[in-house]
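Take a look at the structure set out below.
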Amino acid sequence: MNRYLPEGRLYDCAENRAALSCADSLEKAMYEGRILEAKAVLCDSSHNLIVDLGCMKGVIAREEGAKGIAEGTVRDIAIISRVGKPVCFVVQRIISDSRGMPCAILSRRAVQEKCAAEYLSGLTCGDVIDARVTHLEPFGAFVDIGCGLPSLISIDAISVSRISHPRDRLTVGMDIRAVVRSTEPEGRISLSHRELLGTWQQNAARYRTGETVTGTVRSVEEYGIFVELTPNLAGLAEYRDGIAIGSGASVYIKSIVPERMKIKLVLVDTFRILTPPPQPEYFFTGSHMEHFVYSPEGCEKTVETIFK
Numbered sequence: 004m005n006r007y008l009p010e011g012r013l014y015d016c017a018e019n020r021a022a023l024s025c026a027d028s029l030e031k032a033m034y035e036g037r038i039l040e041a042k043a044v045l046c047d048s049s050h051n052l053i054v055d056l057g058c059m060k061g062v063i064a065r066e067e068g069a070k071g072i073a074e075g076t077v078r079d080i081a082i083i084s085r086v087g088k089p090v091c092f093v094v095q096r097i098i099s100d101s102r103g104m105p106c107a108i109l110s111r112r113a114v115q116e117k118c119a120a121e122y123l124s125g126l127t128c129g130d131v132i133d134a135r136v137t138h139l140e141p142f143g144a145f146v147d148i149g150c151g152l153p154s155l156i157s158i159d160a161i162s163v164s165r166i167s168h169p170r171d172r173l174t175v176g177m178d179i180r181a182v183v184r185s186t187e188p189e190g191r192i193s194l195s196h197r198e199l200l201g202t203w204q205q206n207a208a209r210y211r212t213g214e215t216v217t218g219t220v221r222s223v224e225e226y227g228i229f230v231e232l233t234p235n236l237a238g239l240a241e242y243r244d245g246i247a248i249g250s251g252a253s254v255y256i257k258s259i260v261p262e263r264m265k266i267k268l269v270l271v272d273t274f275r276i277l278t279p280p281p282q283p284e285y286f287f288t289g290s291h292m293e294h295f296v297y298s299p300e301g302c303e304k305t306v307e308t309i310f311k
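Residue 121 in my numbering sits at position 118 of the sequence shown, and the numbers go up by one each step.
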């Protein structure tokens with residue numbers, strides 16, 4: 004079982020709560036070297052994190068706040084941005100503060116270094132891992148792949164259906180799965196997401212000619228309007244004036260043509276989408292994939308990913 008989960012996943016678990024319930028259980032967790040999580044409530048002027056352990060105060064010194072801070076390869080925003088959120092740590096020692104109250108000295112850096120050495124360094128292309136979305140940029144989604152260590156899913160790797168911004172598909176704090184796209188000697192890992200969302204055939208099997216269904220307008224071109232039916236499936240409707248990208252759409256399915264990976268649609272109506280992106284639905288549930296073929300057998304065009 005992977006011990007090095009995205010930060011925040013341990014916060015509400017029974018074992019974590021029990022370890023923070025009193026000084027004795029916290030001391031036991033210290034001797035066992037257990038990874039714990041609690042909420043950072045303050046970052047002082049020296050960029051030390053103050054952590055609410057419940058049974059006592061915890062302190063993560065700036066240099067212990069993140070892997071790379073002491074070396075200058077990671078900026079202090081990696082510490083500052085944790086205020087109000089769970090942080091992972093190991094307890095290094097318990098002391099008495101200036102008022103004689105117990106205070107736990109913690110290290111987040113030590114956890115991240117162990118995560119990198121014992122977990123991330125062993126990942127290979129095609130491994131499917133847990134991740135948590137931490138922030139979104141126009142070019143992609145940054146995710147936590149273990150103990151606060153970051154990775155990137157570029158916008159083109161989020162889904163087959165094209166989107167204008169990662170927020171069209173993901174939300175901050177969303178727990179997702181991702182597949183390792185590449186690894187670099189310095190430890191950088193890039194991810195993909197689209198291969199887990201199913202092939203063209205798997206997605207198209209949900210629909211039948213003659214049905215009227217809902218979708219999302221993703222692109223408006225002179226020759227037609229692309230409407231996403233699922234994250235890995237889109238169809239083309241005839242052009243119509245006044246259609247906004249991002250609108251919801253009701254569409255009539257005119258034809259489904261697997262050999263050309265085409266779905267022809269008739270746009271019935273559009274509407275405003277009021278709900279956030281739903282949790283992704285994954286067709287692939289294994290822990291490793293070598294090869295992904297999106298296109299149907301016998302299709303004129305082959306769309307595939309080979310992980311190596």
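Ideal Cβ placement from N, Cα and C applies to all residues, glycine included. Small disclaimer: the values here were computed from a predicted structure and weren't measured.
(request) Return helix, strand or coil for Lys314, following the three-state DSSP convention. (result) Because the chain is modelled from 4 through 311, residue 314 falls outside the range shown and cannot be assessed.
(message) So Gly251 and Arg221 are supposed to be a Cβ contact under 8 Å. How far apart are they, rounded?
(response) In fact, because the Cβ distance is near 11 Å, the residues do not count as touching under 8 Å.
(message) Measuring straight from C-alpha to C-alpha, what distance separates Ser157 and Ser185?
(response) Distance between the alpha carbons of Ser157 and Ser185 is about 12 Å.
(request) Kindly indicate which three-state DSSP category Cys58 falls into: helix, strand or coil? (result) Residue state, collapsed to three classes: coil.
(message) Quick check on the DSSP output: the beta strand (DSSP E) that includes Gln95 runs from which residue to which?
(response) Annotation for Gln95: the continuous beta strand (DSSP E) segment containing it runs 89 to 99.
(request) Closer than 7 Å by C-beta to Val223: which residues in its own chain qualify, once you throw out the five before and the five after it? Chain order, please. (result) Counting only residues of its own chain and dropping the five nearest sequence neighbours on each side, Val223 has a CB closer than 7 Å to the CB of Ile246, Ile248.
(request) Compare the beta carbon distance of Glu231 and Ser298 with 7 Å and say whether it is the shorter of the two. (result) Contact: no.
(request) Give me the Cα-Cα distance between Ile228 and Ala240, rounded to the nearest whole angstrom. (result) Roughly 5 Å separates the two Cα atoms.
(message) For Ala120, count the other beta carbons within 10 Å of its own beta carbon; 16 or more makes it buried, fewer makes it exposed. Which is it?
(response) Looking at its Cβ environment, which holds fewer than 16 other Cβ atoms inside 10 Å, Ala120 is exposed.
(request) Give the DSSP-derived three-state secondary structure of Arg3 in the structure shown. (result) Absent from the structure is residue 3, since the part of the chain shown begins at 4 and ends at 311.
(request) Return helix, strand or coil for Leu200, following the three-state DSSP convention. (result) Per DSSP, reduced to three states, the secondary structure at Leu200 is helical.
(message) Using a 10 Å radius around the Cβ and a threshold of 16 neighbouring Cβ atoms, would you call Asp147 buried or exposed?
(response) That one is buried.
(message) Quick check on Gly151: buried or exposed, where buried means 16 or more other Cβ atoms within 10 Å of its Cβ?
(response) Looking at its Cβ environment, which holds 16 or more other Cβ atoms inside 10 Å, Gly151 is buried.
(request) Please name the residue in Tyr122, His138, Leu139 whose C-alpha comes closest to that of Val131. (result) Per the Cα distances, Tyr122.
(request) Decide if the segment 36 to 48 is in contact with the segment 85 to 95; the criterion is three or more beta carbon pairs, one per stretch, under 8 Å apart. (result) Yes, the segment 36 to 48 is in contact with the segment 85 to 95.
(request) With DSSP collapsed to three states, give me the class of Asp171. (result) Reduced to three states, the DSSP call for Asp171 is helix.
(request) Using beta-carbon positions only, say whether Ser167 and Pro234 come within less than 7 Å of one another. (result) For Ser167 and Pro234, no; Cβs fall outside 7 Å.
(message) Beta-carbon within less than 8 Å of Glu116's beta-carbon, same chain only, minus the 5 sequence neighbours each way: which residues are those?
(response) Take Glu116, set aside five residues on each side of it, and the residues of its chain with a beta-carbon closer than 8 Å to its own are Lys70, in chain order.
(request) Check whether the Cβ atoms of Ile266 and Gly301 sit closer than 7 Å, and answer yes or no. (result) Ile266 places its beta carbon 7 Å or farther from that of Gly301.
(message) I need the DSSP call for Glu189, collapsed to helix, strand or coil.
(response) Three-state result, Glu189: coil.
(request) Would you mind giving the Cβ-Cβ distance between Pro9 and Asp133, rounded to the nearest angstrom? I have them listed as a contact below 8 Å. (result) With 8 Å as the limit, Pro9 and Asp133 qualify as a contact, their Cβ atoms being about 6 Å apart.
(request) For the beta strand (DSSP E) holding Ser49, just list the boundary residues, first then last. (result) Going by DSSP, Ser49 is part of no beta strand (DSSP E) at all; its letter is neither H nor E.
(request) Pick helix, strand or coil for Arg165, following the three-state DSSP scheme. (result) Reduced to three states, the DSSP call for Arg165 is coil.
(message) Just verifying my parser: in three-state terms, what is the DSSP assignment at Gly125?
(response) DSSP places Gly125 within a helical segment (H, G or I) once states are collapsed to three.
(request) Could you name the residues that DSSP lists as bridge partners for Gly11? (result) DSSP lists no bridge partner for Gly11.
(message) Please classify Asp27 as buried or exposed, where buried requires at least 16 other C-beta atoms within 10 Å of its C-beta.
(response) The residue is exposed, with fewer than 16 neighbouring Cβ atoms inside 10 Å.
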